[in-house]
Amino acid sequence: MFNILFFFTEALLPRFAEPIPNVTVTVGRDALLACVVDNLRGFKVAWVRVDTQTILSIHHNVITQNPRVTLSYNDHRSWYLHIKNVQEADRGWYMCQVNTDPMRSRQGYLQVVVPPSIVDKETSTDMVVRESANVTLVCKAIGYPEPYVMWRREDGDDINYNGEVGQSNINTIYSSNFSYFLY
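So this is what it looks like as structure tokens:
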């Protein structure tokens, strides 16, 4: 009898129809996190920023004072958290929770990508050196994930040093023109 009652009660409780997908968005763009709950009935849905435990919304109301965060919903089933003009600080886990006892929840991760760019003030400019002389070339790049800087000759050929072809730990340069690229 207890098992039948438990399964009957469990069938009446809200359940998440699908996982909250992780979302990747470029800084400055808008993000949308979706939470789909079946059989919500009189229970309420809330969105929470996990790392700060900040309550963003409760049911139909946006709680946060952040004007970039809005909420939409439809059919008393789908709850959407909108974050406009996403910033790096928005990166992290977001939780959709239902106020059952015990609480039910699902989490999704918002990944914020920052396109690579070269920091001109910290990057070498044109240099003239004697053949076989040592030279230090610096290319400072920022972005997220951290950019990979690759040195290439201007004509696209691989860099040849000491009879070997390579792209790092260049010790000696012989009369060549080079450019850098971000990947």
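The sequence shown maps to residues -19 to -1, 1 to 164 in mature numbering (1 follows the signal peptide of the UniProt record, and there is no 0).
Glycine included, C-beta positions come from ideal geometry on N, C-alpha and C.
Checking the DSSP bridge columns, you'll see Val79 partnered with Val26, Arg85.
If you compare the alpha carbons of Leu(-7), Lys25, Asp32 with that of Ile39, the shortest gap goes to Lys25.
Rounded to the nearest angstrom, the Cβ distance from Asn66 to Gly9 is 6 Å, consistent with a contact under 8 Å. The beta-bridge partner set that DSSP reports for Gln92 consists of Thr5. Tyr61 is a Cβ neighbour of Leu14, given a cutoff of 8 Å. Residues Thr117, Leu118, Val119, Cys120 of the same chain have their beta carbon placed closer than 8 Å to that of Ser105, with the five preceding and five following residues left out of the count. For Leu14, the enclosing beta strand (DSSP E) has its first and last residue at 12 to 19. The beta carbon of Arg30 sits closer than 7 Å to those of Leu37, Gly73, Tyr75, all from its chain and outside the five residues before and after it, given in chain order. Within the same chain, Cβ atoms closer than 6 Å to the Cβ of Asn80 are found at Phe24, Lys25, the five residues on either side in sequence being excluded. Where Ala114 is concerned, there is no enclosing beta strand (DSSP E), because DSSP gives it neither an H nor an E.
Straight-line measurement puts the Cα of Leu91 at about 25 Å from the Cα of Asp56. Apart from the 5 residues on each side of it in sequence, Gln88 sits with its Cβ closer than 6 Å to the Cβ of Trp74, Met76 in its chain, given in chain order.
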